[in-house]
Structure formats: structure tokens, C-alpha cells
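K.L.:
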Amino acid sequence: MHDEDVSTATKNKMTKNGSLMSPLYWGCLGVIILLLSVVIGTNTVSADFSPSSFKSVEDCIKGTGSNIILSSDAKYADARSGERIRVSTFPKAISYPSNSTQVSWLVKCSIQFSFPPVPRNGGHSSEGYSSVNNSIVIDLSYIDFVSVDKSSKTAWVGGGIRLGPLYLKLDKEGFTIVSGLHPTIGLSGIIGSGGWGLQSRKYGTTGDHVYEAEVVNANGDIITANKDSNSDLFWALRGGGGGAYGIVTGWRLNLIEAWKDIIAWHIGYPVQFAEKVISVWNKWAWKERDDMTAILTITHPGPGTSEHDFGIKIRGHFLGTKSEFDKIVLDSGIDSITQLTCIESWVCDNMGARAYFLGDTYSCGNVDLFNIGNQPYASYNYSIGLAESITTSSNSLTTTYSVTYNGNAGNVTSGVIDGYKPGPVQIREYEKSKSMYFSGELTAEQIKIIVALINDLPNGAFVKFSPYAGILATQANDMTAFRHRKNTAFHLEVGIALTGNSEKDSAFYGWIRKWDTQVRVFSNGFSYVGYVDSDLVTGTAFSSSSSSSSSSSSSNSSSSFNSTFTSSSSSSTSTSISSSGGTSSSSNGTSGGGASGSSNSSSSSSTSQSASYVYFGENSPRLVVIKGKYDSKNIFTNSLTQSLNGNGDCNCTDKSGPGIRSDAAATAKPSNYLITFVWAVSLTFCVFKVNRYTMFF
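The opening position of the sequence shown corresponds to residue 1 in full-length UniProt numbering, with each subsequent residue numbered one higher.
The following block contains the structure:
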């Protein structure tokens with residue numbers, strides 16, 4: 001037999017028994033692929049993770065593959081809090097997952113061992129609700145991916161990304177979004193609050209540009225929320241309060257083509273012109289065309305600061321031409337208040353305009369300050385330090401001055417983006433904030449009340465007015481859970497840096513709480529949930545006789561979410577909403593700012609139970625229902641609510657229902673080891689059967 005005949009015979013035999021045409025080959029290959037997919041699936045599908053197989057929550061967290069920091073670790077002091085450190089909390093552990101599967105497993109670990117899971121994105125919670133005593137903090141910092149689809153002008157981004165890196169990554173692809181300015185703000189946090197930004201008057205909020213969310217729910221399952229699937233949850237996630245309904249691990253965003261030319265501008269005034277400046281701004285800013293945004297900020301000189309931060313500033317963005325800008329300024333009257341100052345404006349690109357307000361000088365070149373990585377904060381103790389006394393018109397006050405950027409703290413090193421210099425380490429803030437909305441122009445008398453408080457402005461304090469209206473005024477208040485659209489003219493934020501010494505801080509708390517008793521009474525009665533305020537829960541916000549001091553080491557055992565979602569309070573939700581915290585729905589249409597003083601003088605207990613209405617208004621009842629549907633046991637909470645006892649024990653193991661998942665199904669599934677063993681045996685068998693012919697494969 002010739003060689004070619006031998007070859008032909010061999011090939012014919014292989015064709016029947018083991019070649020690419022052989023049923024045996026395809027059968028073995030199918031088994032291998034099937035089992036391999038199961039093995040891979042067990043590493044990504046959370047249902048196959050069994051928390052009950054671990055002896056402790058620490059071991060369970062380690063079993064997820066997430067990094068973990070415990071109270072015994074040297075890094076615990078820095079890890080236990082985010083940017084806001086006024087309220088001191090001590091979680092059981094801080095975990096750092098890198099994907100949604102690990103987040104799912106961490107939620108299951110938390111439930112199994114009766115510790116509340118608390119998500120943390122930017123760590124900007126004004127009351128420290130992104131870290132809770134004896135909880136499992138799930139820090140999403142490393143879930144910071146960004147994937148842009150240019151054809152659809154959308155992006156799939158991680159639920160843990162902060163605005164600074166997100167802006168930079170999107171800008172590289174020629175896109176941007178509407179959102180806040182500070183680079184360390186977490187995307188999930190700001191969407192959960194609604195998401196107002198400098199272009200919101202033209203484009204709406206950040207939440208308005210979300211197509212879809214990937215969410216780890218109270219069962220630890222990974223679900224999708226969009227207009228077609230879990231649509232009620234999708235509605236609540238955008239403005240209904242961050243971290244209350246589930247943990248968002250991914251967002252699909254609608255993108256805007258990055259602006260090529262934006263006019264970034266500012267004008268300053270001496271403090272003595274406060275009454276005139278507020279009067280002019282109040283009649284103009286929120287009525288102006290929607291591509292103009294003008295924010296009014298009033299600050300007190302603080303030691304170690306530059307003149308850039310002193311006094312009164314109006315600053316903003318304009319998306320039109322320079323000639324249009326000049327005419328708007330001329331017609332507004334903001335440049336004729338005094339001859340001591342003039343407007344400075346620059347034409348910047350998208351990132352330059354955002355960076356214009358960062359740093360020690362106004363400049364379109366401050367873009368590197370957005371490159372803050374995924375671990376941007378300085379040491380916990382770095383920002384605490386007493387400043388010299390500053391004497392105001394009626395008080396001698398001592399406080400810290402919290403500096404956002406300080407070269408002595410160094411630069412960030414983790415997660416920085418190539419092509420930009422690493423940004424500076426961010427100094428943590430020891431601050432108390434207030435928030436309130438107004439439905440129209442302030443009266444002359446109301447402005448005088450505000451100016452009187454400004455005249456007592458302590459060192460390290462600020463007052464900021466932000467205009468709304470524009471496109472927001474054309475949208476229904478239930479478009480998303482963010483209700484501050486129709487009949488909302490502008491927002492007022494008041495903040496003050498504190499020392500951590502309750503005796504010294506007493507005067508500061510007294511000053512900032514005067515805004516509740518003297519100014520909130522002529523607001524429209526609503527507040528921004530992104531600046532959540534515990535005083536709205538305790539009733540301090542409406543009690544003129546309350547103590548002005550407050551401990552900086554609060555146990556974080558109550559929050560507005562307590563009143564929002566806890567059904568076992570002394571008064572039902574419907575009763576709370578009807579009382580509306582002293583704000584009637586009819587007051588929203590008034591031009592004088594909304595509610596009258598008498599309607600806001602309700603008792604502390606009534607106000608405490610109306611906190612949900614203060615933040616969510618007419619959307620509050622719907623949110624309560626959604627919370628009950630997706631988290632009936634209040635597993636997700638940014639404080640220890642009534643469904644969790646003081647030790648962080650959510651009594652998870654003896655309950656059933658939507659909020660709790662039994663591990664019976666998980667333990668009934670085959671383990672990874674068994675599947676791997678079966679896969680190995682099958683592979684060996686198949687290779688043995690076809691090994692004579694592997695040279696052809």
C-alpha cells in the first residue's frame with residue numbers, strides 16, 4: 001500500500017471516529033463548553049454563593065474576594081468615613097468590591113450575619129449616612145469603569161465612579177453629562193439626589209439622562225431597572241434618595257456632545273453690597289434664558305485663604321456667544337451695582353469651563369484637578385485644626401477653615417487617568433449644611449432678614465443661591481422622584497465648618513439654625529435630599545427654643561430616611577404628608593417664596609414625621625410604597641432605623657419576605673469544587689477518546 005493510501009485510510013477512519021465531523025468530537029466539545037460555562041457562571045452568579053458556609057461575617061466578606069478593612073487595621077480610621085467627617089461612625093467592616101457579583105455576595109453576607117449593608121459612593125453625605133455604626137460599609141470606589149458607545153451616544157459606567165474621573169473619561173471620547181462640579185462627588189449619590197448642575201436649566205438633571213440601572217436588591221440579587229423592567233424602582237432611583245432601595249452598580253447614561261465653547265465667568269462684590277446684590281440676582285437669575293446659569297455665593301474671609309474666596313461672587317456658565325453674554329449682563333444690572341468690580345469672563349472648552357471654578361485662581365487650565373482617582377481623600381486627621389479667632393459684628397467665633405486643595409497633603413496615586421497630572425489629595429470636610437427651596441422672588445423684608453444673618457457670617461461659613469426654572473419649570477414634579485421642578489425658582493444652601501469641640505461649636509450651630517427659624521419659614525418648605533439634614537428629623541429645624549449645640553460624634557442612629565420609610569412611627573405616613581411639615585401644596589404657586597410663617601410653625605414631632613415630604617413632596621407616598629416593595633425589611637439604610645436594633649442586628653435570619661433571602665436555594669446548588677471535578681473527568685475522557693487525532697485539531 002502506498003503512503004498516500006495509508007494516509008487516506010487513516011483520514012477516513014478519523015472522519016468516522018474523531019475528526020471535526022465526528023459526533024464523538026462534537027459531543028465531548030459540547031460537554032466541555034457546557035461545564036466550563038457553569039464553572040464560570042458560579043464565579044459570577046450570586047445565587048451560588050453561600051454565606052451560611054462561613055463562621056463569621058469577616059470570613060464571609062473575605063470569601064467574596066473583596067478587600068476588607070476591620071477596626072483592628074491601621075487603615076480603619078481613614079476608611080470608616082468619606083469626605084464628610086462631622087458625624088463620627090464606627091462600622092463593623094469596610095469592604096471594597098470590584099464588581100456587581102461581589103456586591104451581591106456582600107449583601108448576602110451582611111444579611112446572614114445580621115449587619116446592615118451600607119453603600120458608599122462619594123462619601124459626601126452631610127450627616128454621615130454613607131457609614132453607619134456596626135454596619136458593613138460597601139465602598140464602590142473600584143467599580144469605576146466607563147464604556148462609551150459613540151454610535152448611540154450612551155455610556156455604561158460603574159456605580160462607584162466619581163464625577164471628576166467620569167468627566168475626564170467622557171471628554172476623551174467627545175462627550176459629557178449634566179451634573180455637579182466637585183470632582184469627588186459620587187455619580188450614584190448625585191443621581192439618587194436628583195443631580196442639579198450648571199447646565200440643568202437647559203438639559204435637566206443627571207437623573208433625567210439615565211436609561212438604565214443595574215441594582216443589587218435586598219435579596220442580594222442583581223436586577224435591571226429601566227422604563228420597561230422594574231420601572232417603579234427606576235423612577236425612585238433618580239431623586240428618591242441614594243442607597244435606600246438597593247445598591248446601584250452600573251448606570252447607562254445618555255450622553256451630550258462635549259461643548260466646544262463655554263463662557264465661564266464671575267464677578268465679585270464687597271460684603272457691604274449684599275442686600276443690593278441679592279435683590280438684583282433674585283429678580284433675574286432664575287428668569288434668564290436657560291443657557292445662562294448664575295450662582296450667587298457669599299463667604300467669610302478665613303485664615304490661610306486667598307482673596308479669591310472672599311466676599312460676594314456671582315459666577316456661572318453661558319452656552320451662547322460672547323455678544324449675547326454681554327447683552328445679558330448689561331440688561332441684568334449685575335455689573336452696575338458698584339464701580340469697584342467688573343465681570344471677568346473666558347471662553348473655555350467643556351473641561352476647561354468645569355475646571356474654571358476649581359483651585360486658587362479662576363482658570364480654564366485647572367483640568368488636572370479632576371484627576372482624583374478612586375481613593376482621593378487625605379488622612380482622617382489631616383483636616384482638623386483650629387484657626388485663629390475671627391470677630392464678626394456680634395460674635396467672636398473660632399472654627400476650622402476646611403481647605404479643599406492643599407499642596408502639603410500631596411497628590412492622589414490610586415486610579416489616576418493617563419494624560420493628566422494626578423490631582424491633589426482632597427481634604428475632608430467638617431461641615432454642617434442647610435438646604436431650602438423658594439418658589440419665586442424674595443420680598444425686600446425677606447432679603448433684609450437674610451442679610452442680617454449674613455452680617456453675622458462666621459469664619460468658614462458660606463451662603464449659596466442656585467437658580468432653577470428653565471427647562472425644569474416645564475417638567476412635571478413626578479417626572480422622576482426629584483420633585484423640585486415646577487414652581488421652584490431657586491435653591492439656598494448654607495454651610496459652616498466646625499471644630500469638633502461641642503462647646504466651641506455651640507455658637508456655630510446657633511447661627512446656622514437661625515436659618516431654619518428665620519428663613520425657612522418663607523421658603524416653599526422643601527429641601528434637597530443631597531444635603532440631608534438631621535435637624536429636619538429631630539424637629540430642631542423648627543424649634544426656636546431648641547438647644548443650639550450638637551455633638552459631632554453622633555451615633556448616626558436616626559436620619560430623614562427613618563421618617564421617610566419606617567412605617568412603625570407614631571404617626572402614619574399619610575398623616576405626615578397631609579400636615580406636610582408646615583407646607584401646603586397651594587403655597588407652591590405663590591410668588592413670595594411659598595409657605596407662610598404660621599404654616600411652618602408646626603410642632604417638632606409633627607415636623608419629624610414629615611421629613612419625607614420635605615425632601616420628596618407629593619412623590620413621598622409613592623416612594624414609601626416602592627421602598628416597601630423592594631426592601632420591606634429596611635435592609636438598605638443609611639442609619640439604624642427601627643427595623644435594625646442598636647447593635648446593627650437586622651434580625652435577618654428569623655424573617656421572610658421580599659427583603660430577606662433564604663440561603664436554602666444556594667446550599668442546594670452544587671459547589672464549585674464538585675462542578676470542577678465533573679468537568680475535569682469529562683475533559684479527560686474526551687481527550688482520551690480523540691487523542692490519536694488531536695494533531696488535526
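Glycine included, each C-beta is placed from N, C-alpha and C at the ideal position.
Everything numeric in this text was worked out from a predicted model, so none of it was measured.
Less than 8 Å between the C-beta atoms of alanine 355 and leucine 369, yes or no?
P.N.:
Taking 8 Å as the Cβ cut-off, alanine 355 and leucine 369 qualify as a contacting pair.
K.L.:
For serine 554, collect the residues of the same chain with a Cβ closer than 6 Å to its Cβ; drop the 5 residues on either side in sequence, then sort them by chain order.
P.N.:
Per-residue confidence for serine 554 stands at a pLDDT of 40, beneath the threshold of 50, marking its modelled position as unreliable; no derived number is given.
K.L.:
With a Cβ-Cβ cutoff of 8 Å, do tyrosine 269 and glycine 311 count as a contact?
P.N.:
Yes, the pair counts as a contact, with Cβ atoms nearer than the cut-off.
K.L.:
Pairing CB atoms from the segment 346-355 with CB atoms from the segment 247-261, are three or more of them under 8 Å?
P.N.:
Verdict: yes, contact present.
K.L.:
What does the Cβ neighbour count give for lysine 13, buried or exposed, with the cut at 16 atoms within 10 Å?
P.N.:
Any reading at lysine 13 must be qualified, since the residue scores a pLDDT of 40, below 50, and its modelled position is unreliable; no value is offered.
K.L.:
Would you report the Cα separation of phenylalanine 490 and valine 521, rounded to the nearest angstrom?
P.N.:
Each residue's Cα considered, the two are about 15 Å apart.
K.L.:
Just how far apart, CA to CA, sit alanine 285 and leucine 319?
P.N.:
Distance between the alpha carbons of alanine 285 and leucine 319 is about 15 Å.
K.L.:
Rank Thr206, Leu442, Val118 by C-alpha distance to the C-alpha of phenylalanine 465 and give the top, closest one.
P.N.:
Selected option, being the one with the closest Cα: Leu442.
K.L.:
Do you know how far the Cα of serine 414 is from the Cα of threonine 293?
P.N.:
Using only the alpha carbons, I get a separation of about 34 Å.
K.L.:
On the criterion of 16 or more Cβ atoms from any shown chain inside 10 Å, does lysine 633 qualify as buried, or is it exposed?
P.N.:
With 16 or more Cβ atoms within 10 Å of its Cβ, lysine 633 is classed as buried.
K.L.:
Under 8 Å between the Cβ atoms of glycine 186 and arginine 162?
P.N.:
It is a contact, given that the beta carbons lie within the stated cut-off.
K.L.:
According to DSSP, is arginine 513 part of a helix, a strand, or is it coil?
P.N.:
Note: arginine 513 maps to helix in three-state DSSP.
K.L.:
Is the beta carbon of isoleucine 298 sitting closer than 8 Å to the one on arginine 315?
P.N.:
No, they are not a contact pair.
K.L.:
Shortest alpha-carbon distance to asparagine 121 belongs to which of Gly65, Asn374, Gly628, Ile343?
P.N.:
Residue Asn374 is the option with its Cα nearest to asparagine 121.
K.L.:
Isoleucine 191: which of Lys150, Gly174, Tyr211 sits nearest, CA to CA?
P.N.:
Selected option, being the one with the closest Cα: Tyr211.
K.L.:
Between which two residues does the alpha helix (DSSP H) containing threonine 224 stretch?
P.N.:
Not the alpha helix (DSSP H): threonine 224 falls in the beta strand (DSSP E), residues 222-226.
K.L.:
Kindly list the residues whose CB is nearer than 6 Å to the CB of glycine 239, restricted to its own chain and excluding five residues on each side of it in sequence; keep chain order.
P.N.:
Excluding residues within five positions, the ones whose Cβ falls inside 6 Å are Gly194, Gly207, Thr480, Ala481, Phe482.
K.L.:
Could you work out which residue in Ile263, Tyr613, Pro376, Pro422 is closest to tyrosine 142 when comparing CA atoms only?
P.N.:
Considering only alpha carbons, the answer is Pro376.
K.L.:
List the residues that DSSP assigns as beta-bridge partners of asparagine 67.
P.N.:
Partner(s): Tyr96.
K.L.:
Residues in its own chain within less than 7 Å of phenylalanine 273 by CB, not counting five upstream and five downstream?
P.N.:
So the qualifying residues of the chain are Ile312, Ile337, Thr338.
K.L.:
Give me the Cα-Cα distance between threonine 176 and leucine 166, rounded to the nearest whole angstrom.
P.N.:
Taking the straight line from one Cα to the other gives about 9 Å.
K.L.:
Exposed or buried, what is leucine 330 when buried is set at 16 or more other beta-carbons lying within 10 Å of its beta-carbon?
P.N.:
By the neighbour-count rule (16 or more Cβ atoms within 10 Å), leucine 330 is not buried but exposed.
K.L.:
Check asparagine 254 in the structure and name its three-state DSSP category.
P.N.:
Asparagine 254 falls in the strand class under three-state DSSP.
K.L.:
By DSSP's criteria, aspartate 139 is part of a beta bridge. Which residues make up the other side?
P.N.:
In DSSP, aspartate 139 forms a bridge with Arg120.
K.L.:
Alpha carbon to alpha carbon, how far is lysine 55 from tyrosine 528? Give it in angstroms, no decimals.
P.N.:
Roughly 42 Å between the two C-alpha positions.
K.L.:
Would you mind reading off the limits of the alpha helix (DSSP H) that contains phenylalanine 325?
P.N.:
Run containing phenylalanine 325: 322-332, per the alpha helix (DSSP H) assignment.
K.L.:
Can you name, in chain order, every residue of its own chain whose Cβ lies under 6 Å from the Cβ of glycine 159, other than the five neighbours on each side?
P.N.:
Cβ within range, chain order: Leu140, Ile143, Ser188, Val248, Thr249, Gly250.
K.L.:
Can you tell me whether threonine 400 is helix, strand or coil according to DSSP?
P.N.:
Per-residue confidence for threonine 400 stands at a pLDDT of 33, beneath the threshold of 50, marking its modelled position as unreliable; the derived number appears in the next sentence. DSSP places threonine 400 in coil when its eight states are reduced to three.
K.L.:
Compare the C-alpha of histidine 124 against each of Ser620, Gln426, Ile343 and name the closest.
P.N.:
Among Ser620, Gln426, Ile343, the Cα nearest to that of histidine 124 belongs to Gln426.
K.L.:
Entirely within the segment 188-234 and at least 4 residues each: give me those alpha helix (DSSP H) ranges in chain order.
P.N.:
With a minimum length of 4 residues, the continuous alpha helix (DSSP H) runs that stay inside the segment 188-234 are 200-203.
K.L.:
For lysine 432, which of helix, strand or coil comes out of DSSP?
P.N.:
It is a strand residue.
K.L.:
Tell me which residue opens and which closes the beta strand (DSSP E) that phenylalanine 462 is part of.
P.N.:
First-last of the beta strand (DSSP E) with phenylalanine 462: 461-467.
K.L.:
For aspartate 418 and aspartate 149, I'd like the C-alpha separation in whole angstroms.
P.N.:
Distance between the alpha carbons of aspartate 418 and aspartate 149 is about 21 Å.
K.L.:
Between aspartate 221 and serine 110, is the Cβ-Cβ spacing less than 8 Å?
P.N.:
Not in contact: aspartate 221 and serine 110 (Cβ atoms no closer than 8 Å).
K.L.:
Give me the Cβ distance between aspartate 435 and glutamate 493, rounded to the nearest whole Å; I'm assuming they're in contact under 8 Å.
P.N.:
For clarity, residue 435 is serine in the given sequence; the question names aspartate instead. With a Cβ gap of about 6 Å, serine 435 and glutamate 493 count as contacting.
K.L.:
Identify the continuous beta strand (DSSP E) that holds glycine 495 and give its terminal residues.
P.N.:
Glycine 495 -> beta strand (DSSP E) spans 490-497.
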